[in-house]
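**Q**
Residue numbers (the working numbering), protein chains in the order written: chain A, 87 to 460; chain B, 87 to 460.
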C-alpha cells in the first residue's frame with residue numbers, strides 16, 4: 087500500500103519513471119531563502135503550513151531557515167510532523183470528536199501543540215480531555231476575517247469565547263487565528279491588499295476589545311503565500327502561515343504584482359513528470375498523468391517550457407494535450423514536466439518527492455503525511 | 087505512510103472517525119448481483135475495471151459473481167491485483183518505458199496479462215521484452231471509437247498494426263479495445279445510445295476489414311457503467327469494462343433513462359463520512375472532508391438524504407455547506423454522508439474501505455493499489 091519510489095538516487099532525470107512528483111532542489115532552496123529574506127526586517131515569524139508538503143524533512147529545512155515551527159490541518163498531520171522531529175505545531179483548524187481529542191492531548195504531552203477553536207461546546211470538550219491528560223492546552227480563537235469558512239465573527243463573539251476559555255483550567259488562551267484564505271488568489275494586487283487591510287481592521291478592533299477586558303493576545307496567526315507581505319508589514323500579525331511559497335503552482339502564478347505583471351516572488355520548484363503514452367494524431371498527445379497524478383480543482387496543469395503544448399483534459403489516468411505546432415516532434419516515450427494547478431492536493435497523491443539537482447536525482451523524501459485526513 | 091483505519095470491526099457506524107470512505111455492503115452486493123443479472127442473457131462477459139476500487143478483495147467478489155478477470159490502467163495496479171489473487175488481467179491502456187515493460191513481462195509470467203497498443207514503436211518494444219522474458223504477450227489494438235483520446239482510427243490504421251503484431255514472435259494479437267469513455271456521461275438516453283451505435287459501426291467495419299485479411303478478433307473490449315447495456319446487446323463486444331457500477335457517484339446519477347427519468351440501474355454504495363467541525367452561522371456548516379477527502383473534478387459531492395444541506399465549496403481540508411433550513415439543528419460533531427462527485431479518484435485518496443452493514447462496521451478492506459500510478 088506504499089508505492090515504490092519511481093527513481094533511484096544518482097539516476098539521470100530522464101530515467102525517472104512516471105508519473106513522478108519532482109522537486110527541483112535548487113529552486114526550492116531559493117524559495118526558502120527568499121521567504122526568510124522577505125520577512126527578515128518585519129516583526130512577523132514564519133510558521134509555514136505543512137499541509138502543503140506533508141513531509142518532516144521539508145519542515146526541518148524550513149525551521150533551519152528560521153521558521154518557529156509548522157502549521158498542520160489535521161491531528162494525523164501533526165503526529166507525522168512531531169514524530170519526524172518538529173517540536174512546535176499549530177493545528178490551524180478545529181479538532182472535533184473523541185478519538186482526535188485524545189490524540190491531540192497525547193501529542194501535546196510530546197511537543198508544543200496549539201489548536202484553534204470557534205465553538206463553546208468544542209472548548210468544553212478540549213478542556214475535559216486536557217485535564218484528563220494533565221496538560222494545559224494552548225488554544226487560538228479562529229476569527230472570520232473574510233473567508234466565510236470557520237471562525238466566529240470579529241469583536242464580541244471572540245470576546246465571549248475568550249472569556250469561556252480563560253475560565254477553564256485545562257486551556258490557555260494563546261491568541262487569534264485570522265487567516266483570510268479567500269484573499270490568497272485575488273488576482274489584482276490592490277484588491278488583494280484591500281482584503282488583507284480589511285482583515286487587519288477586524289483583528290485590530292477585536293484586539294482593542296480584548297485589551298479593554300484585560301486579555302492579551304500573544305499570537306495573531308494568518309497570511310498565506312498570496313498575501314504574506316501584507317500580513318508581515320501589518321504590525322498586527324505575529325505569525326505567518328504561508329505554505330505554497332516553497333513549491334508554487336498554476337493558481338498562484340495567475341496572481342499579479344503591483345504593476346499588473348505576473349507576480350514572481352517565488353519560482354516553480356514542484357513538477358509532475360509524465361510520459362507521452364500515445365500520439366494518435368498530429369495535434370494530439372496523451373500523457374500518463376491524469377486525475378490520480380494531479381489535482382485539477384484549480385484548473386488544468388501547465389506544461390513547463392513548452393509553449394507548443396497545452397494540457398486540456400484530465401481523465402483518471404490520462405492527460406490529453408493539444409499539440410499546437412504541426413511540426414512538433416513529440417513522440418511516444420518522451421517525458422515532459424507539468425506544473426500542477428494546485429500544489430497541496432497534488433502532493434497528497436504521492437508517497438515520494440523525487441528531489442533533483444541539475445540532471446540527477448539527489449534525494450527521495452517520503453511524504454509521510456500523505457492521506458493523513460484524520 | 088499508511089494511514090490508520092478510521093474504525094474497528096464491530097463498531098457502531100456513528101463512532102467511525104472521519105473523513106472515512108464508507109462502503110454500504112448490502113448496496114454493494116445488490117449492485118454486484120444486478121450487473122450479473124443484467125448481462126446474464128447476453129453473450130458479453132464482464133471484466134470489471136479495477137481502477138475504480140483498487141482492491142483485490144473486491145475484485146475477487148466480482149469474479150465470484152461471474153467476472154472473467156479485471157481491467158487495470160497501470161502495471162502497478164495489475165501487480166496489486168495479481169498478488170491479491172486475480173489470475174486474469176487486461177491492462178486497458180498503453181504501457182510505455184523500460185521499467186514498466188519489464189514489470190509487465192514479469193507479471194505476464196505469473197498470470198494471464200494482456201495489454202493495449204496503438205503505436206508501432208511501442209509494439210516493437212513489447213515484442214523485445216516479451217522475447218527477453220520468454221513469453222508470448224497478448225495485445226489488443228486500441229481503436230478510437232469516439233473518445234478521441236488514445237487509439238488509432240478504425241479501419242486501415244488498425245489493420246496496419248495487426249499486420250505488424252502478427253509478424254512478431256513475442257506477441258499474440260488478441261483483439262480490439264473499443265472503449266468510448268466520452269459516451270459514459272452523455273445525459274440523454276438516445277444520444278448515449280447513438281454514441282455507442284456509432285462505436286459499434288466503427289468496430290464492425292474494422293472487423294470486416296480484418297476478417298478479409300484473415301485476422302480473427304477473439305476479444306472486443308469496451309463499455310462502461312453508463313452504456314453497458316448497449317455494448318452487451320451489440321452482438322459485437324465480447325467483454326465489458328464497467329467499473330463504477332459497484333459504487334456509483336453524483337456524475338452517474340445525472341444520467342437519464344429512456345423515459346428521461348434519473349437512471350437507476352445501480353444504487354449508491356460508496357460514501358465519504360464526514361463530521362461537522364464548525365457551525366459559525368445559521369446558514370453555514372463546515373465539514374472535515376475537502377479536496378484531500380474527495381475529488382471534485384466532476385463537481386461537488388451530494389449530501390446523502392439531507393435535502394436541507396448543500397455542499398458548495400471544497401478547500402484542502404474543509405467542505406463548506408449551505409444550510410437551507412433556518413431551523414436546522416445540525417451541530418458541531420454531527421456526522422453526515424457525502425456522495426462523491428466521481429468515485430474513482432475519490433477512492434484513490436484512501437487506504438481503507440470501511441464496510442458497513444446496517445449500523446455496524448463489518449469489514450475493513452485495504453485499498454491496496456491506492457496511489458499505484460506507475
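Just so you know, even glycine gets a beta-carbon here, dropped at the ideal spot from N, CA and C.
Identify the residues that DSSP records as bridge partners of residue 98 (chain B): which are they?
**A** For the purposes of this step, residue 98 (chain B) is identified with residue 12 of the second chain, where counting begins at 1. For residue 98 (chain B), the beta-bridge partners assigned by DSSP are B:446.
**Q** Could you compute how far the alpha carbon of residue 229 (chain B) sits from the alpha carbon of residue 300 (chain B)?
**A** Taking the first residue of the second chain as position 1, residue 229 (chain B) is located at position 143. Taking the first residue of the second chain as position 1, residue 300 (chain B) is located at position 214. Each residue's Cα considered, the two are about 19 Å apart.
**Q** What residues from the region 132 to 144 of chain B come within 7 Å of chain A, judged by C-beta to C-beta, listed N to C?
**A** 137
**Q** Pick out whichever of B:393, B:307, B:441 has its Cα sitting closest to the Cα of residue 231 (chain B).
**A** Mapped onto the second chain, residue 231 (chain B) falls at position 145. Of the candidates B:393, B:307, B:441, the one whose C-alpha sits nearest the C-alpha of residue 231 (chain B) is B:307.
**Q** Would you say residue 381 (chain A) reaches chain B, if we count a Cβ-Cβ gap shorter than 8 Å as a contact?
**A** Position 295 of the first chain, counting from 1, holds the residue named residue 381 (chain A). For residue 381 (chain A), the closest Cβ of chain B is nearer than 8 Å.
**Q** Helix or strand or just coil, what does DSSP make of residue 137 (chain B)?
**A** Residue 137 (chain B) sits at position 51 when you count from the first residue of the second chain. Coil.
**Q** By alpha-carbon positions, which one of B:115, B:106, B:126 ends up nearest to residue 319 (chain B)?
**A** Residue mapping note: residue 319 (chain B) aligns to position 233 of the second chain, counting from 1. Residue B:126 is the option with its Cα nearest to residue 319 (chain B).
**Q** Per the contact definition of three or more C-beta pairs closer than 8 Å, is the region 187 to 204 of chain A in contact with the region 110 to 123 of chain B?
**A** no
**Q** Does residue 461 (chain A) come within less than 8 Å of chain B when only Cβ atoms are used?
**A** Residue coverage of chain A in this structure runs from 87 to 460, which leaves residue 461 (chain A) outside it and unanswerable.
**Q** Considering only DSSP beta bridges, list what residue 177 (chain A) is partnered with.
**A** Indexing the first chain from 1 puts residue 177 (chain A) at position 91. Answer by DSSP bridge pairing, in chain order: A:158, A:201.
**Q** Assess contact between the region 384 to 394 of chain A and the region 433 to 449 of chain A, defined as three or more Cβ pairs (one per stretch) separated by less than 8 Å. Is contact present?
**A** no
**Q** Nearest by alpha-carbon distance to residue 467 (chain B): which of B:291, B:226, B:284, B:273 is it?
**A** In the structure displayed, chain B extends from 87 to 460; residue 467 (chain B) sits before or after that span and is not available.
**Q** Residue 270 (chain A) CB to nearest chain B CB: under 8 Å?
**A** Here residue 270 (chain A) refers to the residue found at position 184 when the first chain is read from its first residue. Chain B contact via Cβ: absent.
**Q** May I ask you to list the residues that DSSP assigns as paired with residue 452 (chain B)?
**A** Counting from one through the second chain, the residue named residue 452 (chain B) turns up at place 366. Per DSSP, B:438.
**Q** Just list the residues that DSSP pairs residue 62 (chain A) with in beta bridges.
**A** Residue 62 (chain A) falls outside the range modelled here, since chain A spans only 87 to 460, and no answer is possible.
**Q** Give me the subset of the region 159 to 170 of chain B whose CB atoms are less than 8 Å from a CB atom of chain A, sorted by chain position.
**A** 159, 160, 162
**Q** Determine the direct distance from the alpha carbon of residue 89 (chain A) to that of residue 196 (chain B), and round the result to whole angstroms.
**A** Here residue 196 (chain B) corresponds to residue number 110 of the second chain, with the count starting at 1. Here residue 89 (chain A) corresponds to residue number 3 of the first chain, with the count starting at 1. Going from the Cα of residue 196 (chain B) to the Cα of residue 89 (chain A) covers about 20 Å.
**Q** Would residue 401 (chain A) count as contacting chain B if we go by Cβ distances under 8 Å?
**A** Taking the first chain and counting its residues from 1, the one referred to as residue 401 (chain A) is at position 315. Closer than 8 Å to some Cβ of chain B, the Cβ of residue 401 (chain A) qualifies, so yes.
**Q** Just by C-beta distance, which residues in the region 276 to 287 of chain B are closer than 9 Å to chain A?
**A** none
**Q** Considering only residues of the same chain and omitting the five flanking positions on each side of residue 378 (chain B), which have a CB-CB separation below 8 Å?
**A** The count along the second chain starts at 1 and reaches residue 378 (chain B) at position 292. Same-chain partners within the cutoff: 402, 403, 435.
**Q** Quick one: grab the DSSP three-state call for residue 317 (chain A).
**A** The residue you call residue 317 (chain A) lines up with position 231 of the first chain. It is helical.
**Q** Which one or two residues does DSSP pair with residue 223 (chain B) in a beta bridge?
**A** Within the second chain, residue 223 (chain B) is the residue found at index 137, counting from 1. Per DSSP, B:257.
**Q** Rounded to the nearest angstrom, how far is the Cβ of residue 357 (chain B) from that of residue 108 (chain B), given a contact under 8 Å?
**A** Here residue 357 (chain B) is taken as the residue at index 271 of the second chain, counted from 1. Here residue 108 (chain B) is taken as the residue at index 22 of the second chain, counted from 1. Contact flag correct, Cβ pair sits at about 4 Å.
**Q** Who are residue 357 (chain B)'s beta bridge partners in DSSP?
**A** Start at 1 with the first residue of the second chain, and residue 357 (chain B) comes out as number 271. Looking at the DSSP assignment, residue 357 (chain B) forms a beta bridge with B:108.
**Q** Closer than 7 Å by beta-carbon distance: list the chain B residues that pair up with residue 458 (chain A), in chain order.
**A** Numbered from 1 along the first chain, position 372 holds the residue referred to as residue 458 (chain A). Those are 89, listed as they occur along chain B.
**Q** Distance check for residue 143 (chain A) and residue 456 (chain A), CA to CA, integer angstroms please.
**A** On the first chain, position 370 is the one that residue 456 (chain A) refers to. On the first chain, position 57 is the one that residue 143 (chain A) refers to. Cα-Cα distance, rounded: 14 Å.
**Q** Identify every run of the beta strand (DSSP E) within the region 357 to 421 of chain A, keeping only runs that are complete inside it and at least 3 residues long; order them along the chain.
**A** Entirely contained in the region 357 to 421 of chain A, the beta strand (DSSP E) runs reaching 3 residues are, in chain order, 370 to 373, 395 to 400, 405 to 409.
**Q** Taking 8 Å as the cut-off, does the region 348 to 367 of chain A touch the region 171 to 191 of chain B (at least 3 CB pairs, one atom from each stretch)?
**A** yes
**Q** From the DSSP output, read off the bridge partner residues of residue 308 (chain A).
**A** Your numbering for residue 308 (chain A) matches position 222 in the first chain. DSSP lists A:326 as partners of residue 308 (chain A).
**Q** What residues in the region 199 to 229 of chain B bring their beta carbon closer than 7 Å to a beta carbon of chain A?
**A** 204, 205, 207, 208
**Q** In the DSSP assignment, what residue or residues form a beta bridge with residue 425 (chain A)?
**A** Against the first chain, residue 425 (chain A) aligns to sequence position 339. Answer is A:388.
**Q** Among the candidates A:95, A:448, A:422, whose CA atom is the shortest distance from the CA of residue 393 (chain A)?
**A** In the first chain, counting from the first residue as 1, residue 393 (chain A) sits at position 307. The shortest C-alpha separation from residue 393 (chain A) is found at A:422.
**Q** Using a beta-carbon distance below 8 Å, is residue 387 (chain B) in contact with chain A?
**A** If you number the second chain from 1, residue 387 (chain B) lands on position 301. Residue 387 (chain B) is outside the set of residues whose beta carbon lies under 8 Å from a beta carbon in chain A.
**Q** Buried or exposed: which applies to residue 291 (chain B), given that a residue is buried once 16 or more other Cβ atoms fall within 10 Å of its Cβ?
**A** For the purposes of this step, residue 291 (chain B) is identified with residue 205 of the second chain, where counting begins at 1. Classification of residue 291 (chain B): exposed, given that the 10 Å Cβ count is below 16.
**Q** Would you mind reading off the limits of the alpha helix (DSSP H) that contains residue 252 (chain A)?
**A** Mapped onto the first chain, residue 252 (chain A) falls at position 166. Per DSSP, residue 252 (chain A) belongs to the alpha helix (DSSP H) from 242 to 252.
**Q** Could you check how far apart the C-beta atoms of residue 136 (chain B) and residue 156 (chain B) are, in whole angstroms? I think they sit under 8 Å.
**A** By 1-based counting over the second chain, the position of residue 136 (chain B) is 50. By 1-based counting over the second chain, the position of residue 156 (chain B) is 70. About 4 Å; that satisfies the 8 Å criterion.
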